[in-house]
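Heads up: the sequence shown at position 314 corresponds to 349 in my numbering, and the numbers run straight through without jumps.
Beta carbons: idealized from backbone N, C-alpha and C, even for Gly.
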Amino acid sequence: MASAPSLLSGTHVVFDPPAAERLVKLGATNIVNAFESLLIGPSRRNPLEHVRAREMWFSSCEECSDGDESGESFDRLYSSDVRWEPPVVLWVTESLDDRVNLWRTCSWLRDLRIPCSDVLLVEFEPVYGTAKRFSEPPRIPPFDCCGSVAHHPDPVLLDRLHKASAWPAERYERAVRLWESYVDENPLPFVESCARGVEGFRELTPLWGLLSCFFPRRTAKGNLCLSRYDELILTILSLEEWQTPLRVNTHESQLGLDLLDLVSCTGDLFLGDRLAQWAKHDSSAAVERAPGPKPPGYPMLSKVYRLTDRGMRLRDRGLDQLADAPSLPIAGTEAYSASAPWVLLEDGQLAHL
């Protein structure tokens, strides 16, 4: 195994900005930023189609962005100017964001014909009490989406780098197949993989637990209901009181805590944009909005929202049809779509209407 200093001269793929900053300080010079949260929004197997779908997704988002302040994309995995010099080192935590991006990266490196023996994994477990995080976990969230390589001190990073190793070819191929099923238009094979488990990928159970919260539900009696995520939003909203996205996000209740668990994985800007989607959906919208206390540029405070009578009916009585709610792309499929009428059953399985 090469020493850590020599490994630093390879190609390093990272999935969050603090990780990139830390590796630069440690001496890495060829860093590929793949800062893309793929838990919400469209994903495609073909790289060009994936980039195009993500760009369209972000262009429809009022407050979200797929680039930094200079306009450079957060995700450069597919960029033509990347120098893929071996070894390729993938820095990954147990964060669900990281894990899905790990599958995607393995798939892309295989497309580039880079041998899996030249791809080294540096993996990290969750930690507490560093990087100004909470000193201990008073409440363990059901989904880990906040892990970062930067939560570990430099000596640990260098030690893990020195011990980095390639996955066996079989496990590497399983990661590629998981990405292929994740982005497939038919989500059932992926959901089935999550249900039965795949050796070496314990993230599948919590990942489906998260994703299932964004699909509309069907009761045993056949009634259509909002997804858990939308139900939380429309329950926290008030008929009388205008609320900013920030206030919805910090609602002091058990519902607020449940919503916060999901927002920790999607980001708070997505919450604001989902509220905007509800406000723009249909002529008889379930949610209405007005200017907020802050001007544009303050995405969590520039608008206020409240529930309408129709929104209350959808929340309490259910949907007449999937199109009653704004559609939401998830991986290779779409929630609330007449062309992809997937619903979550009471046993947690996904079914086609």
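- In this model, Gln-289 and Cys-300 are separated by some 18 Å (Cα to Cα).
- Note on Lys-338: 16 or more other CB atoms within 10 angstroms of its CB, so buried under the neighbour-count rule.
- Under the DSSP definition of a beta bridge, Arg-252 partners with Cys-260, Leu-379.
- Our two residues, Leu-58 and Thr-140, have alpha carbons roughly 19 Å apart in a direct line.
- With fewer than 16 neighbouring CB atoms inside 10 Å of its own CB, Ala-204 falls in the exposed class.
- Counting C-beta atoms within 10 angstroms of its own C-beta, Gln-278 has 16 or more neighbours from the protein chains shown and is therefore classed as buried.
- Val-124 is bridged by DSSP to His-47, Leu-155.
- Sequence-distant partners of Pro-364 (beyond 5 residues in either direction) whose C-beta falls short of 6 Å from its own C-beta, in its chain, are Gly-76, Pro-77.
- Listed in chain order, the non-local C-beta contacts of Arg-206 below 7 Å within the same chain comprise Gly-235, local neighbours out to five positions each way being set aside.
- Boundaries of the beta strand (DSSP E) around Tyr-340: 338-342.
- In this structure, the beta-carbon distance from Asn-136 to Phe-249 does not fall below 9 Å.
- For the pair Asn-65 and Ser-44, the Cα-to-Cα distance works out to about 7 Å.
- Distance between Leu-73 and Pro-224, taken at the CA atoms: about 18 Å.
- Below 8 Å, too few C-beta pairs join the stretch 258-266 and the stretch 228-242 to call them touching: fewer than three.
- If you check the CB distance, Trp-143 and Leu-192 do not come in under 9 Å.
- Looking at the DSSP output, Ile-66 bridges to His-47.
- Distances from the alpha-carbon of Leu-267 to those of Asp-293, Leu-246, Pro-251, Glu-287 put Asp-293 closest.
- Considering only Asp-179, Trp-138, Thr-343, the residue with the shortest C-alpha distance to Val-233 is Trp-138.
- In the DSSP assignment, His-85 falls within the alpha helix (DSSP H) that extends over 82-94.
- C-alpha of Val-48 to C-alpha of Arg-212: approximately 20 Å in a straight line.
- Bounds of the beta strand (DSSP E) holding Thr-368 are 368-370.
- Per DSSP, the unbroken beta strand (DSSP E) holding Val-322 starts and ends at 322-326.
- In the DSSP assignment, His-387 is bridged to Trp-377.
- With the rule of 3 Cβ pairs closer than 8 Å, the stretch 213-223 does not count as touching the stretch 315-326.
- A straight line joining the alpha-carbon of Pro-177 with that of Asp-146 spans about 34 Å.
- Comparing C-alpha distances from Ala-63 to each of Ser-228, Val-127, Arg-134, Leu-196 shows the shortest one belongs to Leu-196.
- Going by C-alpha positions, Ser-362 is about 24 Å away from Asp-110.
- Judged by DSSP in its simplified three-state form, Asp-179 adopts coil rather than helix or strand.
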